[in-house]
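Its first residue numbered 17, the sequence shown is counted upward by one per residue in our numbering.
The structure appears right after this line, and notes come after that.
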Amino acid sequence: MARLLDKYEELVHAEVQAVAARFDLSVFPKVRVADVLEPETLGVTGALKSYALASHFDFVICRNKFDTAYAIEFDGASHAAPKQIERDAKKDRLCQIGDFPLLRINSQHLSKRFGPMSLLAWLMEVHEMQLAFYEAQTRGEISPDEDFDPFWLMSMDPGEARFPYSFAAKARYKLQVLKKRGKIVDGHSSGFVGRGTDGVLHGYNFIRVTPETAITVKSSMRPHRFPAPLMELLDEILAVLLTEEVDLYLAGQIGALPVAEVVKRWTSLRSGLSMGSTHTAGFEGFPPPERRT
């Protein structure tokens, strides 16, 4: 007998089920795309219609037992193949036409490297709390001027992290401690997150360890048809990665770059990006902080 899920999909299913239990969600694996996004309703024909009838979502998440909310796709190594890229594009297009949220993940999203929960769990949980926040605003329970910020959500449960949705809280605090101990020059990082013309998010972070040298990290995040604060999440990930690199530097395992080279890279990497946020520790010869949307 064939298995419905492969080993990685089984891991995703377990992670999704754990979050679903907390928020009274239902999880259905291997659901036909046409049963969620009806071709006749969408008005699609030809190749798109055929694909919808023949393909499936890895997981469909429902509220109220059977009301479809969004889908999750696990993109393994095979998704780099040209034919699979074409299929994925068709699925993305159907979700775009149907205005249906789709979260594409890979094995990195199952790791707990960055905090007390996986990136997949973080995205799902933050999405649910974001919806609850906006519903509370609609009912007048929260001021309409207040913005949703998952990084300031505090847990009161014993044994849980104080700020469970702030991956970088401990990392940022560690950098401040290292500065106070005279191990590095800056207690805060400098960096930016911006969006390319293809929708991909790109981020760059650095921190001076001496007046003339700095440690840097960069990372990217693919675009998602999923309502979550992805720019902010990438900035959190960068802060964790940067602190790990600072640890390696202090252990003598890596070197640092001249600040002039770091600023040059900053300028080059920002070129062509639509800036989401920029922050600097502030030192002579560096561009001032800015924030644009």
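The C-beta atom is built at its ideal place from N, Cα and C for all residues, glycine as well.
Helix, strand or coil at residue i according to DSSP, with G and I counted as helix
i, result
"Ala85", "strand"
"Arg241", "strand"
"Thr283", "helix"
"Leu21", "coil"
"Arg129", "coil"
"Thr61", "coil"
"Phe116", "coil"
"Ala97", "coil"
"Asp214", "coil"
"Ser134", "coil"
"Pro305", "Residue placement at Pro305 cannot be trusted, given a pLDDT of 44 that sits under 50; the coordinates are not used to answer."
Nearest residue (CA-CA) to residue i, options the options
i, options, result
"Tyr181", "Leu249, Thr61, Val32", "Leu249"
"Asn80", "Glu54, Pro117, Ala37, Thr294", "Ala37"
"Leu286", "Arg120, Gly210, Leu136", "Looking at the sequence shown, residue 286 is not Leu but Arg. Per the Cα distances, Gly210."
"Ile77", "Leu118, Lys280, Gly268, Tyr220", "Leu118"
"Gly219", "Val52, His295, Lys195", "His295"
"Val216", "Met247, Leu41, Leu64", "Met247"
"Leu264", "Arg238, Gln112, Ser171, Ile200", "Ile200"
"Gln112", "Phe75, Val49, Thr213, Lys23", "Val49"
"Ile223", "Leu273, Ile253, Gly268", "Leu273"
"Met140", "Lys280, Glu31, Leu289", "Glu31"
"Gln124", "Glu228, Arg155, Arg238, Leu110", "Arg238"
"Gln146", "Ala244, Pro45, Val52, Arg197", "Ala244"
"Ile88", "Phe39, His240, Lys190", "His240"
"Leu53", "Leu136, Gly131, Asp108", "Asp108"
"Gln33", "Pro45, Arg129, Leu69", "Pro45"
"Glu102", "Ser159, Ala63, Thr229", "Ala63"
"Ser71", "Ala105, Ala137, Ala96", "Ala105"
"Gly131", "Phe82, Glu260, Leu27, Lys23", "Glu260"
"Thr5", "Arg197, Val262, Asp251", "In the structure as shown, the chain starts at 17 and stops at 309, and residue 5 therefore has no counterpart that could be examined."
"Val35", "Lys186, Trp138, Asp202, Asp173", "Trp138"
"Phe75", "Val28, Phe164, Arg197", "Val28"
For residue i, the first and last residue of its enclosing alpha helix (DSSP H)
i, result
"Ile223", "Where Ile223 is concerned, there is no enclosing alpha helix (DSSP H), although the beta strand (DSSP E) it sits in stretches over 217-224."
"Asp51", "49-52"
"Thr294", "Run containing Thr294: none in the alpha helix (DSSP H); it sits in the beta strand (DSSP E), 290-295."
"Ile270", "Run containing Ile270: none; DSSP gives neither H nor E here."
"Leu41", "Neither: Leu41 is in no alpha helix (DSSP H) and is coded neither H nor E."
N-terminal and C-terminal residue of the beta strand (DSSP E) that residue i is part of
i, result
"Val76", "72-79"
Beta-bridge pairing of residue i - partner residues as DSSP gives them
i, result
"Lys234", "Tyr220"
"Thr229", "Pro274"
"Phe90", "Ile121"
Could you pull out every unbroken beta strand (DSSP E) segment of at least 3 residues lying fully inside the region 155-212, listed in chain order? 206-211
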